[in-house]
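Each residue of the sequence shown is one higher than the last, beginning at 0 in numbering that gives the first Met the number 0. Backbone N, C-alpha and C fix where the C-beta goes; we use that ideal spot for every residue, glycine too. Notes follow once the structure below has been shown.
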Amino acid sequence: MDLPILPTISTSFIVLSAVTVAIGWWQIKQRKIEQHQKTMTLAGIFALIFFVIYLSRTIFIGNTSFGGPDDIKIYYTIFLVFHITLATTGAVFGILSLWTGYKDRLKTHRKLGPITSFIWFFTAITGVAVYLLLYVFYKGGETTSVIRAILGY
């Protein structure tokens with residue numbers, strides 16, 4: 000199986016982000032506050048690396064359309080919209096959680112943290128599912144790019 004390198008790398012960073020969130024969650028339960036802060040920062044860095052790779056690929060190479068059977072394309076699209084909504088919500092909550100933690104607004108941070116983690120775990124799971132549907136279970140469809148269309152290649 001010949002997997003595309005950039006989507007594979009970017010999906011790996013989302014998985015790493017979710018794993019480090021889980022580790023950070025365990026650390027705070029153990030009252031290892033300094034380790035928790037470093038681990039959650041690392042989780043944010045992993046998520047940021049994913050986003051930079053994803054955005055760069057989307058801008059310069061394009062998005063890959065679903066290449067599976069037409070009769071399930073609508074279900075894939077609905078699932079993709081759900082994933083994108085989760086990812087956007089998770090990113091906002093993640094930024095707010097990191098910010099409230101760093102600003103020592105712990106009352107708010109303690110409320111946001113568990114919600115953010117829950118959203119982020121589902122974001123990672125659905126992200127891996129999108130990757131599997133696009134590149135593993137089915138051969139990816141056409142890749143389209145606004146930039147490539149503008150530049151004429």
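A straight-line Cα-Cα distance of about 30 Å links Ile71 and Ser16.
Taking every protein chain shown into account, the CB of Arg109 has fewer than 16 other CB atoms within 10 angstroms, so this residue is exposed. A contact between stretches requires three or more CB pairs, one per stretch, nearer than 8 Å, and the region 96–109 meets this requirement with the region 36–51. Counted as a single uninterrupted DSSP element, the alpha helix (DSSP H) harbouring Ser11 occupies residues Ile4 to Lys28.
Using a Cβ-Cβ distance cut-off of 8 Å, the region 6–13 and the region 43–60 are in contact, since at least three pairs of beta carbons, one from each stretch, lie closer than that value.
Excluding sequence positions up to five before and after His82, its CB lies within less than 8 Å of the CB of Thr122, Thr125, Gly126, Ala128 and Val129, all in the same chain and listed in chain order. Less than 7 Å separates the beta-carbon of Gly139 from that of Thr63. In the DSSP assignment, the residues bridged to Thr63 are Thr142. Secondary structure note for Tyr74: its alpha helix (DSSP H) is the uninterrupted segment Asp69 to Tyr101.
Distance from the CA of Pro68 to the CA of Leu79, rounded to the nearest whole angstrom, comes to 16 Å.
In the structure shown, Phe50 adopts helical secondary structure according to DSSP, grouped into three states. Straight across, the Cα-Cα distance linking Ile118 with Gln34 is about 22 Å.
Secondary structure at Arg56: helix, using DSSP grouped into helix, strand and coil.
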